[in-house]
Amino acid sequence: MAPDLSIIIVTYNSRRDIEKCLASLRDNSRGARVEIIVCDNASSDGTADFIAQHFPAVNLIRSAHNLGFGRANNLAAQHAHGRFFLLLNPDTWVEEDLAAAIVNFLDTHPEAGGCTPQHLNPDGTIQVGAIRELPTVESLFYQKTGLAYVFPRSRRFGRYCMTWWDHDEVREVEQAGACLALRREVFQQVGGFDESYFMYFEDVELCHAVRAAGYKIFFLSYARVYHIGGQSAKQAVSKNFIEFYRSMCHYFRKHHGAAGVWPVKIIIAVSELLMLLVLTLALPFSKLLPPPQAWSSRWTQWRGHARLLREVWTF
5 MAPDLSIIIV TYNSRRDIEK CLASLRDNSR GARVEIIVCD NASSDGTADF
55 IAQHFPAVNL IRSAHNLGFG RANNLAAQHA HGRFFLLLNP DTWVEEDLAA
105 AIVNFLDTHP EAGGCTPQHL NPDGTIQVGA IRELPTVESL FYQKTGLAYV
155 FPRSRRFGRY CMTWWDHDEV REVEQAGACL ALRREVFQQV GGFDESYFMY
205 FEDVELCHAV RAAGYKIFFL SYARVYHIGG QSAKQAVSKN FIEFYRSMCH
255 YFRKHHGAAG VWPVKIIIAV SELLMLLVLT LALPFSKLLP PPQAWSSRWT
305 QWRGHARLLR EVWTF
């Protein structure tokens with residue numbers, strides 16, 4: 005019998021996190037027929053070998069090179085047989101009955117194209133910002149000027165990360181990334197992930213496409229997933245810092261045209277210029293802190309922001 009839910013995970017040097025993730029799925033998938041598919045993006049830390057040895061029931065796809073997040077998810081989806089797809093990050097673990105909760109909700113709510121559970125930090129607190137609105141120039145301005153952080157309970161300033169909301173009810177939302185369930189036919193109708201994004205904003209683009217196709221995404225306050233966050237990205241901070249903003253500009257250009265992306269570039273550039281000023285003033289004082297970590301860290305940050313300021317105009 006075909007599974008209800010195909011859980012799709014993309015790994016890249018995820019050996020540290022994947023054991024807990026897969027073990028939680030194995031132990032907490034009662035109430036639904038589940039298959040697990042992992043596409044490994046040519047990890048160099050033994051992730052794929054570990055999965056093959058310790059989780060033989062997992063359908064493991066070994067890519068010869070790093071396909072990028074979106075393309076790897078699309079490849080895994082081609083091997084999926086479930087009525088619903090659960091797109092899950094490797095740095096997560098689930099609570100009991102998450103799979104059943106997702107299947108039951110989608111089975112009983114035909115108006116839903118997808119759903120996402122409550123995202124929690126490892127300490128059990130709500131992971132603010134995991135559930136977001138789709139980005140706009142206005143919300144980016146609020147983030148970069150700090151208004152979103154000074155007035156987090158404001159529905160206007162806190163709109164992007166939805167910090168004004170208590171995350172205590174089932175409601176329609178615009179996007180989620182670390183754990184997102186979609187109907188198989190919805191994923192296929194929108195063409196899966198847009199492979200023009202190599203890293204970052206693939207999930208934003210996917211949620212945008214789902215909503216543009218007329219489907220709704222719902223937040224399930226009673227279903228829970230724990231998410232560490234940013235583990236693969238931490239492996240190359242400087243490079244990924246640039247890629248994040250490159251993908252952001254790609255998203256705005258795709259949906260708002262060349263004219264629409266220029267306000268984004270200006271906001272980023274002004275923000276980075278101010279950050280460089282702060283770091284430049286702080287850099288000499290780093291030598292007063294325990295060496296060499298403080299100086300090295302500040303210098304790395306300075307170079308990263310300087311590079312972004314220089315390259316943002318080419319995005």
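Here the sequence shown is numbered in our numbering, starting from 5 and rising by one per residue.
Using N, Cα and C, we set each Cβ at its ideal position, and we do this for glycine too.
Buried versus exposed, by CB contacts within 10 Å (16 or more), residue i
i    : result
S301 : exposed
S33  : buried
M252 : buried
Y230 : buried
A116 : buried
G50  : exposed
P114 : exposed
D21  : buried
T120 : buried
S236 : Bear in mind that a pLDDT of 44 at S236, under 50, signals an unreliable position, so the model cannot answer this.
H69  : exposed
G218 : exposed
V194 : buried
V154 : exposed
Rounded separation between residue i and residue j - CA only
i    : j    : result
D170 : D44  : 36 angstroms
G196 : L210 : 7 angstroms
G118 : G86  : 14 angstroms
L184 : A273 : 32 angstroms
Y204 : M279 : 22 angstroms
A84  : R188 : 9 angstroms
F109 : S158 : 30 angstroms
I130 : T96  : 14 angstroms
A182 : T284 : 35 angstroms
L71  : R30  : 26 angstroms
R19  : F54  : 7 angstroms
V241 : S48  : Low per-residue confidence applies at V241: pLDDT is 48, beneath 50, and the placement is therefore not dependable enough to give any value.
E99  : T15  : 21 angstroms
F73  : G233 : 15 angstroms
T304 : A310 : 10 angstroms
P267 : D111 : 42 angstroms
A6   : G264 : 45 angstroms
V214 : N244 : 26 angstroms
G261 : A216 : 17 angstroms
F223 : A46  : 33 angstroms
L277 : S67  : 40 angstroms
A105 : L92  : 15 angstroms
R3   : E23  : With the chain running from 5 to 319 in the structure shown, residue 3 is simply not present.
G308 : P156 : 27 angstroms
S28  : I12  : 14 angstroms
F256 : E247 : 14 angstroms
A3   : A52  : Residue 3 falls outside the range modelled here, since the chain spans only 5 to 319, and no answer is possible.
D198 : D101 : 31 angstroms
Close beta carbons around residue i, own chain, < 6 angstroms, minus the five adjacent residues each side
i    : result
K269 : V316
L26  : F59
L9   : A36, V38, G86, F88, L90, A103, V107
A56  : L64
F191 : F89
Chain-order list of residues whose beta-carbon lies under 7 angstroms from that of residue i (same chain, five-residue window excluded)
i    : result
S225 : Q122, H171, D172, E173, V174
Q239 : Residue placement at Q239 is flagged as unreliable, the pLDDT there being 42, under the threshold of 50; the coordinate-derived value follows with that caveat. Within the same chain, Q239 has close Cβ partners N17.
S275 : K148
G133 : C165
Contacts around residue i, its chain only, beta-carbon distance under 8 angstroms, and the 5 residues preceding and following it disregarded
i    : result
Q341 : One cannot answer for residue 341 here, as it falls past the ends of the chain, which runs 5 to 319.
Y249 : I272, L312, V316, F319
S143 : E137, A152, R163, Y164
W3   : The structure shown has nothing for residue 3, since the chain only spans 5 to 319.
A61  : R30, I40
H254 : S200, Y201, F205, F319
**Q.** At least 3 beta-carbon pairs within less than 8 angstroms: the stretch 65–84 vs the stretch 166–183
**A.** Judged by pairs of C-beta atoms under 8 angstroms, the stretch 65–84 does not touch the stretch 166–183, as fewer than three such pairs exist.
Q | Cβ contact check for the stretch 161–168 and the stretch 108–126: 3 or more pairs under 8 angstroms | A | The answer is no - the stretch 108–126 does not touch the stretch 161–168, with fewer than three Cβ pairs under 8 angstroms.
Q | the stretch 141–148 touching the stretch 200–216, judged by at least three CB pairs closer than 8 angstroms | A | Output reads no: the stretch 200–216 does not touch the stretch 141–148.
Q: Ignoring anything shorter than 3 residues or poking outside the stretch 33–111, list the beta strand (DSSP E) runs there in chain order.
A: Entirely contained in the stretch 33–111, the beta strand (DSSP E) runs reaching 3 residues are, in chain order, 38–44, 63–66, 88–92, 96–98.
Q. Which full runs of the alpha helix (DSSP H) of 4+ residues lie inside the stretch 166–219, going along the chain?
A. Counting whole runs of 4 or more residues, the stretch 166–219 contains the alpha helix (DSSP H) stretches 188–193, 206–216.
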